[in-house]
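Each residue of the sequence shown is one higher than the last, beginning at 7 in my numbering. Glycine residues also receive a C-beta, built at the ideal position from the N, C-alpha and C atoms. On a predicted model such as this, the values are computed, not experimentally measured, just so you know.
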Amino acid sequence: VMVGDGVNDAGALVAASVGFSVHGGAEASLGAADVFATEPGLNPLLRAVVGSQRTMRVIRRGIAFSLAYNAVGATLAILGLLSPLVAAVAMPLSSLTVVTNAFRSRTFDAP
7 VMVGDGVNDA GALVAASVGF SVHGGAEASL GAADVFATEP GLNPLLRAVV GSQRTMRVIR
67 RGIAFSLAYN AVGATLAILG LLSPLVAAVA MPLSSLTVVT NAFRSRTFDA P
């Protein structure tokens, strides 16, 4: 992550994985940045980092749930305890649960 506000930062903002230009910066840095803060100060950067960390937690939680759900489902199916009809109904429920959890988890709060 590169944070900059001036013309001298434009090259580094382009080269960085994520370029973050702060409010009041030169136009060259605004064009080079991936993210532009509309408020002065570094609070927008802090909110972006915290929101990104929350997003990664939601993603990891969804992957863990899907792996566990599918492991249990596959085990029950292999043992013959899960009929094809029940498996066909359960699979979309898994996806629906993961998507609902992602929507429910507000990762970025309004300023």
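Given this structure, state the Cα-to-Cα distance separating residue 71 from residue 104, to the nearest angstrom. Indexing the sequence shown from 1 puts residue 71 at position 65. Indexing the sequence shown from 1 puts residue 104 at position 98. Each residue's alpha carbon lies about 8 Å from the other.
Which value, in whole angstroms, describes the spacing of the CA atoms of residue 12 and residue 58? Taking the sequence shown and counting its residues from 1, the one referred to as residue 12 is at position 6. Taking the sequence shown and counting its residues from 1, the one referred to as residue 58 is at position 52. Whole-angstrom Cα-Cα distance: 25 Å.
Within 10 angstroms of the Cβ of residue 73, are there 16 or more other Cβ atoms? Answer buried if so, exposed if not. Start at 1 with the first residue of the sequence shown, and residue 73 comes out as number 67. Here residue 73 is exposed, its C-beta having fewer than 16 other C-beta atoms within 10 Å.
Which residues mark the beginning and the end of the alpha helix (DSSP H) in which residue 35 is found? Counted from its first residue, the sequence shown places residue 35 at position 29. Unbroken alpha helix (DSSP H) run through residue 35: 33-38.
Beta-ladder partner(s) of residue 42, from DSSP: Locating residue 42 in the sequence shown gives position 36, counting from the first residue. 27.
State the start and end residues of the unbroken alpha helix (DSSP H) segment that holds residue 47. As a working mapping, residue 47 is identified with position 41 in the sequence shown. Neither: residue 47 is in no alpha helix (DSSP H) and is coded neither H nor E.
Look up residue 86 in the DSSP assignment and say whether it is helix, strand or coil. On the sequence shown, residue 86 is found 80 positions in, with the first residue counted as 1. Coil at residue 86, not helix or strand.
Beta-carbon within less than 6 Å of residue 22's beta-carbon, same chain only, minus the 5 sequence neighbours each way: which residues are those? Taking the first residue of the sequence shown as position 1, residue 22 is located at position 16. For residue 22, where only same-chain residues beyond five positions count, the Cβ hits under 6 Å are 8.
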